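One rule links them: number in the working numbering = place in the sequence shown (from 1) + 187.
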Amino acid sequence: MMDTLKLEAFVAVAEEESFGIAAARLRVAQSTVSSRIKELESFLGQRLFARTSRQVRLSPAGEAALPKARAALAALDGVRQAVDDVAGIRRGRVRLGLVAGADILELGEVLAAFAAEFPGVELVVTSASSSDLEQAVSAGTLDIAIVVRTGQTPLRWRELMRDPLTVVGLPPATASVPITDLRTRPLVVLDAGAGSRNALESAARRAGVHLEIAVQVSTPGMAWDLYSRGMGLLVVPRSLAPDGGSVVLDAEGTETSVRVGLISHPDVRTPATELLLERLAARMSPTTP
Numbered sequence: 188m189m190d191t192l193k194l195e196a197f198v199a200v201a202e203e204e205s206f207g208i209a210a211a212r213l214r215v216a217q218s219t220v221s222s223r224i225k226e227l228e229s230f231l232g233q234r235l236f237a238r239t240s241r242q243v244r245l246s247p248a249g250e251a252a253l254p255k256a257r258a259a260l261a262a263l264d265g266v267r268q269a270v271d272d273v274a275g276i277r278r279g280r281v282r283l284g285l286v287a288g289a290d291i292l293e294l295g296e297v298l299a300a301f302a303a304e305f306p307g308v309e310l311v312v313t314s315a316s317s318s319d320l321e322q323a324v325s326a327g328t329l330d331i332a333i334v335v336r337t338g339q340t341p342l343r344w345r346e347l348m349r350d351p352l353t354v355v356g357l358p359p360a361t362a363s364v365p366i367t368d369l370r371t372r373p374l375v376v377l378d379a380g381a382g383s384r385n386a387l388e389s390a391a392r393r394a395g396v397h398l399e400i401a402v403q404v405s406t407p408g409m410a411w412d413l414y415s416r417g418m419g420l421l422v423v424p425r426s427l428a429p430d431g432g433s434v435v436l437d438a439e440g441t442e443t444s445v446r447v448g449l450i451s452h453p454d455v456r457t458p459a460t461e462l463l464l465e466r467l468a469a470r471m472s473p474t475t476p
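Structure below.
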């Protein structure tokens, strides 16, 4: 019988030119791949590979069969997707990226509820800097990412929140501070992977000032510890300064904010990806440095 598993084994061996590598790709034993190829050859009545001690290459029959096998597998995937779309059943995989240093309230709850409702969808979550996540979404290696945005992007963007940058360590009566007033003060900031550093330096460039970064760290806890030890003024988003602080104003007198949102590729959309996007946008209350 020429079933899908046999065709997948045939295509994998043909593309990898190795039974061992094909087995690793399919996550089965090499003996299983060999058995499926033998059964397929028996069904077709032709040898699909010319095997030697050093090389696995397609026979003339195999060369003729390979494009048809690929087309058949693609057609089967299309049938599954069409049925899934009509029936409302989501299968496959959704790859979600999370900006490093993020503390996203309810993210775990949203993902767990989604996985329980759609057990056929594999969720893969990774963490990186906002710029790396944007590159991954653009390249198609991630489906969705939660990032800090400081400029324009060609990707689909859905803003979730704006978190103003605040300076901790100024007199309590100082409700706001122009960014130009920070140029001579040592600052303790989070690193670029967290996003607030990028927002701060972007505002500084627009104002034409150079900031003195005394130290940059990857975690809010360490930033607070170094601030408490007199290393400099602490610059963090308001959400990380529960006791308040002075809001940083840019050159136009506008609050300098960290913009947190969801990005996805404008041309790569699956039912599972679109549904998870809606769930994240509807339920999340992010707090991201």
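Don't be surprised by glycine CBs; every beta carbon is placed ideally from N, CA and C. If you're wondering where the values come from, they're calculated on a predicted model, not measured in any experiment.
(request) Report the option in 235, 216 and 226 whose CA atom is closest to the CA atom of residue 202. (result) 235
(message) What does DSSP give as the partner residue(s) for residue 279 in the beta ladder?
(response) 308
(request) State the start and end residues of the unbroken alpha helix (DSSP H) segment that holds residue 207. (result) 206-213
(message) I need the straight-line Cα distance from residue 446 to residue 231, nearest angstrom please.
(response) 59 Å
(message) Counting C-beta neighbours from all protein chains within 10 Å, is the total for residue 244 16 or more, i.e. buried, or is it exposed?
(response) exposed
(message) Using the Cβ count rule (16 or more neighbours within 10 Å means buried), how would you classify residue 332?
(response) buried
(message) I need the straight-line Cα distance from residue 373 to residue 423, nearest angstrom please.
(response) 14 Å
(request) Please state whether DSSP places residue 239 in a helix, a strand or coil. (result) coil
(request) On a CA-only basis, which of 324, 251 and 398 is nearest residue 341? Give me that one, please. (result) 324
(message) Going by C-alpha to C-alpha distance, which of 421, 237 and 255 sits closest to residue 247?
(response) 237
(message) Let me make sure I understand the geometry here. Which of 396, 391, 393 and 419 has the alpha-carbon closest to that of residue 404?
(response) 419
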